[in-house]
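Note that the UniProt record's numbering numbers the sequence shown so that position 624 is 624, with each residue one more than the last.
Okay, structure first, notes after.
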Amino acid sequence: MIALQCVNITKSFGVETILQDAKLEIKENERVALVGRNGAGKSTLLKIIAGELQQDSGQITMPKEKKLGYLAQETDLTSKRTIFDEMLAVVEHLRTMEQEIRDLEMKMADPAVYDDKTAYEKVMQLYDEKQHDFEKQGGYQYEANIRSILNGLNFANFSEDTLVSTLSGGQKTRLALAKLLLARPDLLILDEPTNHLDIETLTWLEQYLSGYDGALLIVSHDRYFLDKIVNKTYEVTRSQIHEYKGNYSFYLEEKARRYEQEMKAFEKQQGEIAKLEDFIQKNIVRDSTSKRAQSRRKQLEKMDKIDRPDGDEKSAKFSFHIERESGREVLKAENLTFGYEQTPLFDNVEVHMKRQERVALLGPNGAGKTTLLKLLMQRLTPEQGSVTYGSKVTPGYYEQQQSELNEKNTVLEELWQDHPTTLEKDIRTVLGNFLFSGEDVLKQVADLSGGERARLSLAKLMMQKANLLIFDEPTNHLDLDSKEVLEAALSEFPGTMLFVSHDRYFLNRMATRILELTPEEGLKEYIGDYDYYRMKKEEEAEIAALQAEEQAASGGVSEDHPSANKQAFLDDKEAKREERKRLRQIEQSEADIEKLEQEIETLEASLYDPAVYEDYEEAQKIQDDIDQKRAKLEETMETWEALQT
Numbered sequence: 001m002i003a004l005q006c007v008n009i010t011k012s013f014g015v016e017t018i019l020q021d022a023k024l025e026i027k028e029n030e031r032v033a034l035v036g037r038n039g040a041g042k043s044t045l046l047k048i049i050a051g052e053l054q055q056d057s058g059q060i061t062m063p064k065e066k067k068l069g070y071l072a073q074e075t076d077l078t079s080k081r082t083i084f085d086e087m088l089a090v091v092e093h094l095r096t097m098e099q100e101i102r103d104l105e106m107k108m109a110d111p112a113v114y115d116d117k118t119a120y121e122k123v124m125q126l127y128d129e130k131q132h133d134f135e136k137q138g139g140y141q142y143e144a145n146i147r148s149i150l151n152g153l154n155f156a157n158f159s160e161d162t163l164v165s166t167l168s169g170g171q172k173t174r175l176a177l178a179k180l181l182l183a184r185p186d187l188l189i190l191d192e193p194t195n196h197l198d199i200e201t202l203t204w205l206e207q208y209l210s211g212y213d214g215a216l217l218i219v220s221h222d223r224y225f226l227d228k229i230v231n232k233t234y235e236v237t238r239s240q241i242h243e244y245k246g247n248y249s250f251y252l253e254e255k256a257r258r259y260e261q262e263m264k265a266f267e268k269q270q271g272e273i274a275k276l277e278d279f280i281q282k283n284i285v286r287d288s289t290s291k292r293a294q295s296r297r298k299q300l301e302k303m304d305k306i307d308r309p310d311g312d313e314k315s316a317k318f319s320f321h322i323e324r325e326s327g328r329e330v331l332k333a334e335n336l337t338f339g340y341e342q343t344p345l346f347d348n349v350e351v352h353m354k355r356q357e358r359v360a361l362l363g364p365n366g367a368g369k370t371t372l373l374k375l376l377m378q379r380l381t382p383e384q385g386s387v388t389y390g391s392k393v394t395p396g397y398y399e400q401q402q403s404e405l406n407e408k409n410t411v412l413e414e415l416w417q418d419h420p421t422t423l424e425k426d427i428r429t430v431l432g433n434f435l436f437s438g439e440d441v442l443k444q445v446a447d448l449s450g451g452e453r454a455r456l457s458l459a460k461l462m463m464q465k466a467n468l469l470i471f472d473e474p475t476n477h478l479d480l481d482s483k484e485v486l487e488a489a490l491s492e493f494p495g496t497m498l499f500v501s502h503d504r505y506f507l508n509r510m511a512t513r514i515l516e517l518t519p520e521e522g523l524k525e526y527i528g529d530y531d532y533y534r535m536k537k538e539e540e541a542e543i544a545a546l547q548a549e550e551q552a553a554s555g556g557v558s559e560d561h562p563s564a565n566k567q568a569f570l571d572d573k574e575a576k577r578e579e580r581k582r583l584r585q586i587e588q589s590e591a592d593i594e595k596l597e598q599e600i601e602t603l604e605a606s607l608y609d610p611a612v613y614e615d616y617e618e619a620q621k622i623q624d625d626i627d628q629k630r631a632k633l634e635e636t637m638e639t640w641e642a643l644q645t
């Protein structure tokens, strides 16, 4: 059954058309992502669907019995209630029903009703109906649901009588999300729900939405989140919407495949057109061949011309270079202790970094990650301890809030003031690489969007040519395309990196070592990427649970060495890990086999095309490709067979 249908939605602001004949369809329980560049029209479409904006033309259809819930990017939640009362307001209908059930219980106990068989049966029937509806709508667990959702969205440490009006903007957005999750609409529309969430909260939200009993439409720049949740992707580009039946990674692959296919079809037709035009030009004036040339001209006129496929929209283009290479020892921080107003954030923290390391700093919101970065940049002075740089180290810092940008400057002035001896045309070239072109360079910094401020800060950092880059949330405010450009640039960076990020895709691609900062344990090290870190965290949690069970069974006496049960547990974990690895390899081999067989079939079919078999060189090239793929197929089949044993 269709949960939502958008047909030919068009929306313009002034002379700029944002959406043109856009079509989108969501079925019950589908998980749909809406992706595209910043400014492409994603939030505009969501607001139109939610009824907050009116489309210029087109229709939106949704079954009358279906409920819609919408979370905007920034929610100004205005309320005089406490956090818990704000959540209770969502289930007011259940509380009313609960009171009606209590009233009916009192009525059944009334002798005047109890002694009247007809009246009593009537009340009993109504009581049964109310109870059934109450149970069906989750009435018996609504308080438990409220506490579970509040805990999951990081409100566990807030008192229930905390007033909503005292919350920050990000906390209000999280509370608005909590209210929507509690309401459980049939279609849940979320615009950047992962903003303001730390990694632990993100993981909880992923698990919650994976089991959500309803349809989802999500705009997010978190690729890890999209890959985990969605099963269909719509891209908004050049005011059009294109559908891809898979998650974000599938969308990227399929988009590239479609473009290649469309370009081949376009080039093939262009070749045919050129041959026809050449034949017509050479033969139209000859009596003996004029009729044939006229026939070819008619054939050309009737041809359904294929437009050249649009390539990707313009992307930022940059790379990070260094002025000079640092010594092997890059950074050493020892016994760092720091706090605000007698409230300690961390004690005796130590950080050591060597050349070309890529270290991620993780931890819950409020643990002190940004403070630690500022200490390492020597912008704050520790209460105790020291920070020293190694030989020839030049640090560069990307601040999360971009507070160092001068609001009164233009974009051009902001960069030029730091590099006054650089020619204006060279400054404009750098800014052009960061998508500031033409009149854009004369914009006031104060008027820039979050994404534009982020790109300007990256441009300034790039021009420093520092060999130690310290980033605080570098992917915030960047759209998906800009994130991928940044990752590509940092992958080639020859220096050393330390960064704080909640972007797990970015963490997986960049980090070779992870430092986790928590109030309980201080700084803890994990050698590996984000997936390795998550695996070790899960393993630690399971071991801790096992130890707690053993202590409870032995009367609370702790053990100083691993027990036989714990070792068996670890052996079992390793065996299961290897089995999961084997099954993943089998699955990948099967997918590779299917793909190779399809590619071989397509190539063999192309050999029967006259344009191919009449061209010996092209035919030989395709045959060589077929032979290579057959060899690869045979090798993959052997791998698959070996994995079965």
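Heads up, the beta-carbon is just placed ideally off N, CA and C, and yes, glycines get one too.
Owing to the predicted nature of the structure, the values given are computational and were not obtained by experimental measurement.
Please determine, among L498, K67, E86, the residue with the shortest C-alpha to C-alpha distance to M353.
-> In the sequence shown, residue 353 corresponds to position 353, counting from 1. Minimum Cα distance to M353 is reached at L498.
Burial state of G69 (16 or more Cβ within 10 Å) = Within the sequence shown, the letter at position 69 stands for residue 69. With 16 or more other Cβ atoms within 10 Å, it is buried.
Starting from A367, follow the alpha helix (DSSP H) in both directions and report where the run begins and ends.
-> Walking along the sequence shown from the start, residue 367 turns up at place 367. First-last for A367: undefined, no H or E at that position.
Residue span of the beta strand (DSSP E) that contains M497, given as start and end | The residue labelled residue 497 in the question sits at position 497 within the sequence shown. It spans 496–500 - the beta strand (DSSP E) in which M497 sits, taken as one unbroken run.
On the three-pair Cβ rule with 8 Å, is the region 621–635 touching the region 592–601?
-> Taking a contact to require three or more Cβ pairs closer than 8 Å, the region 621–635 and the region 592–601 qualify as touching.
Which ranges does the beta strand (DSSP E) cover as unbroken runs of at least 3 residues, wholly within the region 319–395, from first to last along the chain?
-> 329–340, 343–354, 358–362, 384–389
E325 burial status per 10 Å Cβ neighbour count (16 or more: buried) = As a working note, residue 325 is residue 325 in the sequence shown. By the 10 Å Cβ count, E325 comes out exposed.
Contacts around V90, its chain only, beta-carbon distance under 8 Å, and the 5 residues preceding and following it disregarded = Numbered from its first residue, the sequence shown carries residue 90 at position 90. Here the set comprises K179, L182, A183.
Would you mind stating whether V7 and Q73 have Cβ atoms separated by less than 8 Å?
-> Against the sequence shown, residue 7 aligns to sequence position 7. Against the sequence shown, residue 73 aligns to sequence position 73. No, they are not a contact pair.
Got a sec? Which residues, its chain only, sit under 8 Å from F266 by beta carbon, not counting five neighbours each side?
-> In the sequence shown, the residue the question calls residue 266 occupies position 266. The residues are I306, D307, R308, P309.
Of all the options G170, Y533, I48, E350, which has the alpha carbon lying nearest to the alpha carbon of S57?
-> Walking along the sequence shown from the start, residue 57 turns up at place 57. Comparing Cα positions, the closest option is I48.
Meets three-Cβ-pair contact criterion under 8 Å: the region 470–486 and the region 496–515 | yes
Every unbroken beta strand (DSSP E) inside the region 144–179 [3 residues or more] = none
Element boundaries [alpha helix (DSSP H), containing T118] | Taking the first residue of the sequence shown as 1, we reach residue 118 at position 118. Taken as a continuous stretch (DSSP letters only), the alpha helix (DSSP H) holding T118 covers 117–136.
Start-to-end residues for the beta strand (DSSP E) that takes in S57 = Locating residue 57 in the sequence shown gives position 57, counting from the first residue. In the DSSP assignment, S57 falls within the unbroken beta strand (DSSP E) covering 57–61.
Alpha helix (DSSP H) runs contained entirely in the region 17–45, provided each spans 4 or more residues | none
Report the residue from V15, R37, S220 whose alpha carbon sits nearest the alpha carbon of R31.
-> Walking along the sequence shown from the start, residue 31 turns up at place 31. Minimum Cα distance to R31 is reached at S220.
Own chain residues within Cβ distance below 6 Å of Y224, not counting five before or after = Numbered from its first residue, the sequence shown carries residue 224 at position 224. Result list for Y224: R504, Y505, in chain order.
Start-to-end residues for the beta strand (DSSP E) that takes in Q5 = Reading the sequence shown from its first residue, position 5 is the one you call residue 5. Counting along the chain, the beta strand (DSSP E) containing Q5 begins and ends at 2–13.
Pairwise C-alpha distance: R174 and F158 | Position 158 of the sequence shown, counted from the first residue, corresponds to residue 158. Position 174 of the sequence shown, counted from the first residue, corresponds to residue 174. When rounded, the separation of the alpha-carbon atoms in F158 and R174 is 13 Å.
How should E414 be labelled, buried or exposed, when 16 other C-beta atoms within 10 angstroms of its C-beta is the threshold for buried?
-> Here residue 414 corresponds to residue number 414 of the sequence shown, with the count starting at 1. Label assigned to E414: buried.
Pull up the CB-CB distance for V236 and L45, whole angstroms please, since I reckon it's below 8 Å.
-> One-based indexing of the sequence shown puts residue 236 at position 236. One-based indexing of the sequence shown puts residue 45 at position 45. Correct: roughly 7 Å between the Cβ atoms.
Determine the direct distance from the alpha carbon of H196 to that of K232, and round the result to whole angstroms.
-> For the purposes of this step, residue 232 is taken as the residue at position 232 of the sequence shown. For the purposes of this step, residue 196 is taken as the residue at position 196 of the sequence shown. For K232 and H196, the gap between their C-alpha atoms comes out near 25 Å.
Where H93 falls: helix, strand or coil (DSSP) | For the purposes of this step, residue 93 is taken as residue 93 along the sequence shown, with counting starting at 1. Here H93 sits in helix by DSSP.
Work out the CA separation of D426 and E439 for me, nearest whole Å.
-> For the purposes of this step, residue 439 is identified with residue 439 of the sequence shown, where counting begins at 1. For the purposes of this step, residue 426 is identified with residue 426 of the sequence shown, where counting begins at 1. If you take the alpha carbons of E439 and D426, they lie about 16 Å apart.
L373 and V349 look like a contact to me (Cβ under 8 Å); what is the Cβ gap, rounded to whole Å?
-> Numbered from 1 along the sequence shown, position 373 holds the residue referred to as residue 373. Numbered from 1 along the sequence shown, position 349 holds the residue referred to as residue 349. The Cβ separation is near 12 Å, so there is no contact.
R297, DSSP secondary structure in three states | Start at 1 with the first residue of the sequence shown, and residue 297 comes out as number 297. R297 falls in the helix class under three-state DSSP.
Answer with buried or exposed for F338, where buried requires no fewer than 16 other C-beta atoms within 10 angstroms of its C-beta.
-> Within the sequence shown, the letter at position 338 stands for residue 338. F338 is buried by the Cβ-count criterion.
Own chain, CB closer than 8 Å to Y127, minus 5 neighbours either side, in chain order = Position 127 of the sequence shown holds residue 127. Excluding residues within five positions, the ones whose Cβ falls inside 8 Å are I101, L104, E105, M108.
May I have the straight-line CA-CA distance separating K66 from D21, to the nearest angstrom?
-> Along the sequence shown, one-based indexing puts residue 66 at 66. Along the sequence shown, one-based indexing puts residue 21 at 21. Roughly 25 Å between the two C-alpha positions.
Start-to-end residues for the beta strand (DSSP E) that takes in I516 | Numbered from its first residue, the sequence shown carries residue 516 at position 516. Residue 516 is actually Glu in this sequence, not Ile. First-last of the beta strand (DSSP E) with E516: 513–518.
Close-in-space but distant-in-sequence residues of the same chain around N247 (CB under 7 Å, 5 per side omitted) = The residue given as residue 247 occupies position 247 in the sequence shown. Closer than 7 Å at Cβ, skipping near neighbours: L226, D227, V230, N231, T233.
Answer yes or no: do L167 and P193 have a C-beta to C-beta separation smaller than 8 Å?
-> The residue labelled residue 167 in the question sits at position 167 within the sequence shown. The residue labelled residue 193 in the question sits at position 193 within the sequence shown. No; because the gap between Cβ atoms is not below 8 Å, this pair is not in contact.
If you draw a straight line from the alpha carbon of E516 to that of K536, how long is it in whole angstroms?
-> In the sequence shown, the residue the question calls residue 516 occupies position 516. In the sequence shown, the residue the question calls residue 536 occupies position 536. Distance between the alpha carbons of E516 and K536 is about 12 Å.
Taking just the CA atoms, how far does E357 sit from V351?
-> Counting from one through the sequence shown, the residue named residue 351 turns up at place 351. Counting from one through the sequence shown, the residue named residue 357 turns up at place 357. Their Cα atoms are separated by approximately 12 Å.
Give the DSSP-derived three-state secondary structure of I218 in the structure shown.
-> Taking the sequence shown and counting its residues from 1, one reaches residue 218 at position 218. DSSP places I218 in the strand class (E or B) of the three-state scheme.
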